[in-house]
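The first sequence begins at 35 in the working numbering and counts up by one. Where a beta carbon is used, it is the ideal one built from N, C-alpha and C, also for glycine. From a predicted model like this one, the values you see are computed outputs, not experimental measurements. Inspection log for the structure reproduced underneath, given as C-alpha cells.
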Amino acid sequence: MIDKKKLFDAYLFFHEGQLALAEIERAGIRIDIEKCLAVRQDLSDKISACEEEFKKTFLFQTWEKTFSDRTNILSNVQLEHVLFKVLKLKPIKATAKGRNATDEESLMQLGIADVNVLLRYRKLRKIRDTYLEGFIREQTDGVLHPFFNLHTVRTYRSSSDHPNFQNIPRRDTFARDITRKVIFPRKGHQLLEVDYSGLEVSIAACYHKDPEMLKYLKSGADLHSDLAKKIFNVPVIDKTIPVYKKLRDAAKNGFVFPQFYGDYYKNNVDRICDWIGLSPSREIKEWDDSAGIKFPSGLTIAQHLKKQGIKCPNDFEAHMARVERWFWKEKFKVYDEWKSKWVTSYQKQGYFQTLTGFICKGEMRKNEVVNYPIQGSAFHCLLWSLIQLVKIQKKEGWDSRIVGQIHDSMIVDVNPAELMHVAKVIKKVTCEDLPRVWQWIIVPLSVEMELCPVDSDWTCKKLWEIPET
DNA sequence: GGAACTCGCCAC
DNA sequence: AAACGTGGCGAGTTCC
C-alpha cells in the first residue's frame, strides 16, 4: 500500500530541496578565468602535436588512403571501417546498436601501438572541449553557477548541468589536475569537501537489514578486505603494502560494487584481471609465471593463483562463480532474499515506495527495481543535510557557503574564521540530526572531510579532521 | 539546416 | 533465466 503521508512529505521535501539547491546555484563556485584560457591554449598546442604524431602512424596513413579529404580522426564510424573492414582486424565487442566498438578498452585489446596516440588525442580533446570550454562558456565574472536538478532522474537522485558539476575528472591524475586546478574558493577562503562514507551500502542495509552486513557497518570491519582474502586466498590484507591495496581495490571495484549493482561473475573476472595485471582472454591456457602484480616476496599474482589451482582465466571464472554463489547464498543471504521479495512485490503491485516516500512505477528490469530505491534514498540523506545547512547558514549569518553537491558529498567555500564552527555543524547535521529525524536509518552514518589551504585550488585537498576541543 | 540519435567517456 | 544502476555532454551521423 502507498503510504500517502510519506508520499506527501516527499513532495514537500523536494520543494524545500530545490530551494536549498537554488541557494547553492546562486552562491556559485569561483574559477580562475586567466588560468582557464592559458590551460586551454596549452591543451590546444598539445592536441596539435598529438595530431601530428598520429599522422605519422600506419593506422592514420591507411585511414587517409581510405577516406582521403573526408578523413576525420574523431569519426568512430570511419575508424570502425578502417580497423575491421580495411585492416580486417578481429572485432573485440559490439556497441548497443551492433556496430564494432572503438572505445578505449576495445582499441587496447587490438594489440596495435598506433591506437595509443589516438587515445591520447581523444583524452586531450575531452579535457579541453568538455571541461575547459564548458567552464569558460558558462562562467559569469569568473564564477560558475552549475544547475542542480531534481526533476530529471528516474531514481529521484539529482542531476547537474551548464556545466555539469558532477563529472569533473578525479581518477585520472592528468585530467584531474588540469580541470580542478582552475577551481577556487572566493579570495581569502578555503574549499572543504564533505563525503558520506559508503552511503549507498549503508542505505541498502536499511532496506534489506542483512545481519551480516549490519555487523560490518556497526563494527567498522572491512568488507572489501574480506572479499579480497576470499577471492585471492590470502590470509591478511595490509593496506599499507601496495600489492595488497591493489588486491583490495580489485575486490572492491571488480567484484563487490559491480555485484551490488547486479553484475555477475563473468564480467567480474575481466575487471579483476585488469586490476591485477593479468590477461582475461579465455583463450589463454596458462598464464605466464611472470604475469601480473608482484608480492613483496617476488612471487607474481599468476604464480600465486596457480598454486591455488587457478592457472588460466577459465579456472578463475569457475572460481568466481563459486565466490558469487557463496556471496549471495551464504554470506549475504538475507540481502539476496530481500532483493527477490522486493522484485516480487513490485511485479505484483506495479510500483514500489522508497523509504523516503517516493513512488517508482512503470516498466523496470530487476536490477533497476533493486537499485533505484537505494540510489534515491542515499541521495536524499545528502539533500536533507543540505536543506538544514542552508537554513543554518542563513540564520547564523555565515559568510561560508555550500557551492556544490555530488550525490553523496558537498563542497563548501569556507571563511577560515568560521571553519571550526562550520565543520562541527556539518558533522552534527549529517551524522547526528539526520538519523534522529529519519528513524528508518538503522546504521551509523559517518563523513570524511577534505580541506584545501586558504586560496588554494581544488586539487590541494587533504584529509582533515576537526581538532579536539 | 536542425532535431534526434549514437557513441564514447567523465562522475557517483 | 539472466546478466552493471544513474546522469550530462561533445562530436559525428542520420533523418526529415
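Sub-9 Å separation of residue 107 and residue 118 beta-carbons:
The residue you call residue 107 lines up with position 73 of the first sequence. The residue you call residue 118 lines up with position 84 of the first sequence. No. Outside cutoff.
Residue 290 to residue 227 span [Cα, whole Å]:
Mapped onto the first sequence, residue 290 falls at position 256. Mapped onto the first sequence, residue 227 falls at position 193. If I take the Cα positions, the gap works out to 26 Å.
Quick one: give me the first and last residue of the alpha helix (DSSP H) that residue 224 is part of.
Numbered from 1 along the first sequence, position 190 holds the residue referred to as residue 224. Here residue 224 belongs to no alpha helix (DSSP H); instead the beta strand (DSSP E) covers 224-230.
In its own chain, which residues sit with a C-beta less than 6 Å from the C-beta of residue 33, not counting the 5 before and 5 after it?
Past the edges of the chain, shown from 35 to 503, lies residue 33, and the structure says nothing about it.
Count the other C-beta atoms from every protein chain shown that fall within 10 angstroms of the C-beta of residue 448, then say buried if there are 16 or more, exposed otherwise.
In the first sequence, counting from the first residue as 1, residue 448 sits at position 414. Buried: at least 16 other Cβ atoms inside 10 Å.
Ignore the nearest five residues each way along the sequence and tell me which others in residue 342's own chain have a CB closer than 6 Å to its CB.
As a first step, residue 342 must be located in the first sequence, where it is residue number 308. Excluding positions up to five away in sequence, the list reads 267.
Report yes if the C-beta distance between residue 442 and residue 221 is below 9 Å; otherwise report no.
Against the first sequence, residue 442 aligns to sequence position 408. Against the first sequence, residue 221 aligns to sequence position 187. Not closer than 9 Å, so no.
Short of 8 Å in beta carbon distance, which residues of its chain neighbour residue 365, apart from the five on each side in sequence? Order them along the chain.
Mapped onto the first sequence, residue 365 falls at position 331. Excluding residues within five positions, the ones whose Cβ falls inside 8 Å are 246.
Inspect the beta-carbon positions of residue 190 and residue 49 and report whether they are closer than 9 Å.
Position 156 of the first sequence, counting from 1, holds the residue named residue 190. Position 15 of the first sequence, counting from 1, holds the residue named residue 49. Result no, Cβ atoms of residue 190 and residue 49 do not sit closer than 9 Å.
For the putative contact between residue 200 and residue 408, defined by C-beta atoms under 8 Å, what is the C-beta separation to the nearest angstrom?
The residue you call residue 200 lines up with position 166 of the first sequence. The residue you call residue 408 lines up with position 374 of the first sequence. Their Cβ separation, rounded to whole angstroms, is 18 Å, which puts residue 200 and residue 408 out of contact at 8 Å.
Residues bridged to residue 218 [DSSP beta-bridge criterion]:
The sequence position of residue 218 within the first sequence is 184, counting from 1. Per DSSP, 64.
Per DSSP, residue 174 is paired with what?
Numbered from its first residue, the first sequence carries residue 174 at position 140. DSSP output for residue 174 lists 177 as bridge partner(s).
DSSP-derived helix/strand/coil call for residue 146:
For the purposes of this step, residue 146 is taken as residue 112 along the first sequence, with counting starting at 1. Coil at residue 146, not helix or strand.
When we look at the beta-carbon of residue 236 and count the other beta-carbons within 10 Å, is it buried (16 or more) or exposed?
Counting from one through the first sequence, the residue named residue 236 turns up at place 202. Buried, since its Cβ has 16 or more Cβ neighbours within 10 Å.
Indicate whether residue 486 and residue 225 have their beta-carbon atoms separated by less than 9 Å.
Along the first sequence, read from residue 1 onward, the residue named residue 486 stands at position 452. Along the first sequence, read from residue 1 onward, the residue named residue 225 stands at position 191. Yes, they are a contact pair.
Cα separation between residue 470 and residue 477?
The residue labelled residue 470 in the question sits at position 436 within the first sequence. The residue labelled residue 477 in the question sits at position 443 within the first sequence. In a straight line, the C-alpha of residue 470 is about 11 Å away from that of residue 477.
Can you grab the Cα-Cα spacing for the pair residue 183 / residue 44, in whole Å?
As a position in the first sequence, residue 183 is number 149, starting the count at 1. As a position in the first sequence, residue 44 is number 10, starting the count at 1. Rounded to the nearest angstrom, the two C-alpha atoms are 16 Å apart.
According to DSSP, simplified to helix, strand and coil, what is residue 134?
Indexing the first sequence from 1 puts residue 134 at position 100. Strand.
Would you call residue 406 buried or exposed, if buried means 16 or more other Cβ atoms sit within 10 Å of its Cβ?
Walking along the first sequence from the start, residue 406 turns up at place 372. The residue is buried, with at least 16 neighbouring Cβ atoms inside 10 Å.
Assign residue 269 to one of two classes, buried (16 or more other C-beta atoms within 10 Å of its C-beta) or exposed (fewer than that).
Within the first sequence, numbered from 1, the residue matching residue 269 stands at position 235. Looking at its Cβ environment, which holds fewer than 16 other Cβ atoms inside 10 Å, residue 269 is exposed.
Unbroken beta strand (DSSP E) run spanning residue 386, endpoints:
Position 352 of the first sequence holds residue 386. Start and end: 385-387.
Burial state of residue 18 (16 or more Cβ within 10 Å)
The structure shown has nothing for residue 18, since the chain only spans 35 to 503.
Buried or exposed for residue 399, going by 16 or more other Cβ atoms inside 10 Å?
As a working note, residue 399 is residue 365 in the first sequence. By the 10 Å Cβ count, residue 399 comes out exposed.
Would you kindly report the start and end of the unbroken beta strand (DSSP E) that includes residue 435?
What you label residue 435 is simply residue 401 of the first sequence in a count that begins at 1. First-last of the beta strand (DSSP E) with residue 435: 435-439.
Cα-Cα separation between residue 288 and residue 451, rounded to whole angstroms
Working through the first sequence from its first residue, we reach residue 288 at position 254. Working through the first sequence from its first residue, we reach residue 451 at position 417. Roughly 43 Å separates the two Cα atoms.
With a floor of 4 residues, list each alpha helix (DSSP H) that falls wholly inside the region 317-396, ordered by position along the chain.
335-341, 347-360 and 367-383
Can you find at least 3 beta carbon pairs, one from the region 198-216 and one from the region 362-376, that sit closer than 8 Å?
no
Member of 123, 499 and 438 whose CA lies at the smallest distance from the CA of residue 218:
Indexing the first sequence from 1 puts residue 218 at position 184. Answer by Cα proximity: 438.
Test item: CB-CB of residue 325 and residue 312 under 9 Å:
Mapped onto the first sequence, residue 325 falls at position 291. Mapped onto the first sequence, residue 312 falls at position 278. Yes, the Cβ-Cβ distance between residue 325 and residue 312 is below 9 Å.
Local Cβ density within 10 Å of residue 120, reported as buried at 16 or more and exposed below that
Here residue 120 refers to the residue found at position 86 when the first sequence is read from its first residue. When all chains shown are included, residue 120 counts as exposed.
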